[in-house]
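Reading through the structure tokens given below for one structure.
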Ligand SMILES: Nc1ncnc2c1ncn2[C@@H]1O[C@H](COP(=O)(O)OP(=O)(O)OP(=O)(O)O)[C@@H](O)[C@H]1O
Ligand SMILES: [Mg+2]
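Residue numbers (this note's numbering): 4 to 268.
Dropping the structure here:
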């Protein structure tokens, strides 16, 4: 076999192994051209840091992958199959969970209710009628909270009394309970104190140990450098760099985020 041929076969295999593959994704909001042909892949259990300047299109991209907003063009492949992620519900069914800083959880609900929201456990009542199995949900939620070392007294605790880091933990518990394959975190550490931010980084390490992949969107390059295997850098709606952790440094990442004009390149 010719060398080039075997190389392209290898690349095709890599693509097939990808958990998520984005191909040439474009997005218009009216006349705003937010994404201009974005392509990259995420492998099983891989932590990808998605970074770039304000307005680069990071949140838009993850909203497309998590079913919040439709793409204008391009293709999404999930476990090798092309998919249309038309709703958050469908994304969850595929195994994609998204944790937003501002709306990861519902404050007026308990920890247990948040974890099982939309996927409540039921048990048969009088042999047939399904009833909510609150006891089991409380017990399971309690175990998850202990497992993630969250400092939450009980699963009946209202989420609005949790700290920012604990709220993220509740959302992560949900992803673990329902065996997500990919967890997306958009700016998870921005509004947190140093200890809360460290806790979120620990959650990401934990997800990695469970072979759950993660896309971590942040402006904090020091945080992302601690946990990511690879960095995808966006600028003005495009991917300008896709680099492995071993091939860069935090300082290198800062340089990659700058517009080409600023670096003189
Ligand atoms: N709902 C919307 N309607 C119109 N334009 C939008 C909308 N959401 C985002 N945009 C625009 O799309 C572009 C990309 O925005 P996006 O929020 O994806 O950037 P980002 O990389 O997440 O930025 P940040 O780092 O500031 O969070 C920006 O120019 C933004 O103004
Ligand atoms: Mg954003």
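Where a beta carbon is used, it is the ideal one built from N, C-alpha and C, also for glycine.
Taking C-alpha atoms, which residue in the options lies nearest to residue i?
i, options, result
"residue 108", "33, 167 and 221", "167"
"residue 223", "161, 209, 185 and 256", "256"
"residue 185", "200, 164, 209 and 198", "209"
"residue 31", "60, 143, 220 and 47", "60"
"residue 162", "97, 206, 114 and 247", "114"
"residue 76", "47, 41, 103 and 246", "41"
"residue 99", "202, 188 and 183", "183"
"residue 70", "38, 82, 84 and 89", "89"
"residue 58", "80, 35, 72 and 68", "35"
"residue 251", "147, 235 and 169", "235"
"residue 225", "211, 213, 204 and 243", "204"
"residue 43", "56, 37 and 27", "27"
"residue 202", "152, 188 and 244", "152"
"residue 160", "73, 111 and 72", "111"
"residue 83", "149, 97, 134 and 125", "97"
"residue 147", "229, 126 and 116", "116"
According to DSSP, which residues form a beta bridge with residue i?
i, result
"residue 231", "Paired residue(s): none; residue 231 is not in a bridge."
"residue 127", "133"
"residue 46", "Paired residues: none, contrary to the question."
"residue 244", "236"
"residue 108", "DSSP lists no partner for residue 108."
"residue 36", "31"
"residue 161", "113"
"residue 188", "102 and 219"
"residue 86", "79"
"residue 41", "28"
In the structure shown, what three-state DSSP assignment does residue i receive?
i, result
"residue 145", "helix"
"residue 22", "coil"
"residue 74", "coil"
"residue 258", "helix"
"residue 55", "strand"
"residue 267", "Any answer about residue 267 is weak, because its pLDDT of 42 lies below 50 and its placement is not dependable; what the coordinates show is given next. Of the three classes helix, strand and coil, the one that applies to residue 267 here is coil, per DSSP."
"residue 252", "coil"
Am I right that residue i and residue j are in contact with their C-beta atoms under 8 Å? What's the rounded C-beta distance?
i, j, result
"residue 215", "residue 158", "In fact, because the Cβ distance is near 22 Å, the residues do not count as touching under 8 Å."
"residue 227", "residue 54", "6 Å"
"residue 51", "residue 218", "5 Å"
"residue 211", "residue 233", "Residue 211 to residue 233, Cβ: 12 Å. No contact."
"residue 23", "residue 68", "7 Å"
"residue 180", "residue 118", "6 Å"
Quick one: residues with CB closer than 7 Å to any heavy atom of ligand 2, in chain order, please. 61, 62, 189, 190 and 220
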